[in-house]
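Numbering (my numbering), first residue to last: 24 to 113. Quick reminder that beta carbons are idealized off the backbone N, C-alpha and C, glycines included.
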């Protein structure tokens, strides 16, 4: 699990004015990892999975209003970080 404080530290976000947006981006990143077969409920969370979660959070937070011609692909390396932890269906 990535906490609100961890996510804010990762993106150098100070104060509480954006906590709802941060929490939503953290949840969305976790949902994405879960949707591609990563067990995000593991305890402890493997460092590579936590890093992927934080990278996704940062991407979702920084690009939350990406519209028009300037949209950005998901952070390079996320797929590589989570590859060993994906459970693939038959």
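From what residue to what residue does the alpha helix (DSSP H) around residue 50 run?
According to the DSSP assignment, residue 50 belongs to the alpha helix (DSSP H) that extends over 42–58.
Applying the 10 Å Cβ sphere with the 16-neighbour rule, what's the burial state of residue 44?
Classification of residue 44: exposed, given that the 10 Å Cβ count is below 16.
Nearest to residue 82 by alpha carbon, out of 100, 65, 108, 70?
Closest option to residue 82, judged by alpha-carbon separation, among 100, 65, 108, 70: 100.
Among 88, 103, 72, the one whose alpha carbon lies nearest that of residue 54
Closest in alpha carbon position to residue 54, among 88, 103, 72, is 72.
Whole-angstrom Cβ separation of residue 49 and residue 105, contact assumed at under 8 Å?
Wrong, their Cβ atoms sit about 16 Å apart, outside the cutoff.
Alpha helix (DSSP H) segment containing residue 105, residue limits:
Residue 105 -> alpha helix (DSSP H) spans 101–105.
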